[in-house]
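With our numbering applied, the sequence shown closes on residue 164, and no number is skipped along the way.
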Amino acid sequence: DGYPGDGYPGDTGDAPPGAGTGNLADLFEGMYIVPESDAAEGLNLADCFSESIYNTKDAVAELDTEEEMLCAFIAFQVNKDIEENPDLQLGVGRYQDVAEATERFGYFKTCVGEVQKVNEEENGWEAEINFFCDLSEEEKSLYHSNGMPGSGDNSYLKLEKAP
């Protein structure tokens, strides 16, 4: 995972000129911030850039260790669809610092757990990791029925007919 041909942003199947597979962390510098976590010490960042880590039901189901969650969170940051115009931005853009990344990592882990729980129920549809997964409840409320209280908290859900 995380190597040329794996689907990271701008992936053409070949490493960019001057960037061998060992330099992927440099290539994506500024696109992610590693939060405070004991799992960060042994993490190989080169394995943490592909959307495939978190973008399928099976991939999300396999996220069960702190290291796997952290790797998925880094991939989530790298693969955000960042808009040039902040007024068009869904969710939050790039994080400002380690403190913000650490806070949002907590939201992300909670979201992953909720997505896993929903997908275990086999209700004929799937939940997914999306831009709501690093938002606080207050930030999510801005997207629910114009922020009306009691409008629900299932923002991580995506209705999709199961195969």
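Glycine included, each C-beta is placed from N, C-alpha and C at the ideal position. Please read all numbers here as calculations on a predicted model, not as lab measurements.
Point to revise | Status (buried if at least 16 other CB within 10 Å, exposed otherwise) for Val35 | key: buried
Check your understanding: Going by the CB atoms, is the gap between Phe50 and Ala76 shorter than 8 Å?
Key -> yes
Check your understanding: Under 8 Å between the Cβ atoms of Tyr33 and Val79?
Key -> Cβ distance < 8 Å, so Tyr33 and Val79 count as in contact.
Exercise for review: Compute the beta-carbon to beta-carbon distance between Phe132 and Gly92, rounded to the nearest angstrom, for a pair I have assumed lies under 8 Å.
Suggested key: 3 Å
Point to revise | CB contact flag (Val113, Leu64, <8 Å) | key: Going by C-beta atoms, Val113 is nearer than 8 Å to Leu64.
Review point. What is the rounded straight-line gap between the Cα of Lys58 and the Cα of Glu115?
Key: 12 Å
Check your understanding: For the candidate residues Glu52, Thr66, Arg95 and Glu104, whose alpha-carbon lies nearest to that of Gly31?
Key -> Arg95
Exercise for review: Quick one: give me the first and last residue of the alpha helix (DSSP H) that Tyr144 is part of.
Suggested key: Note, Tyr144: premise wrong, no alpha helix (DSSP H); not H, not E.
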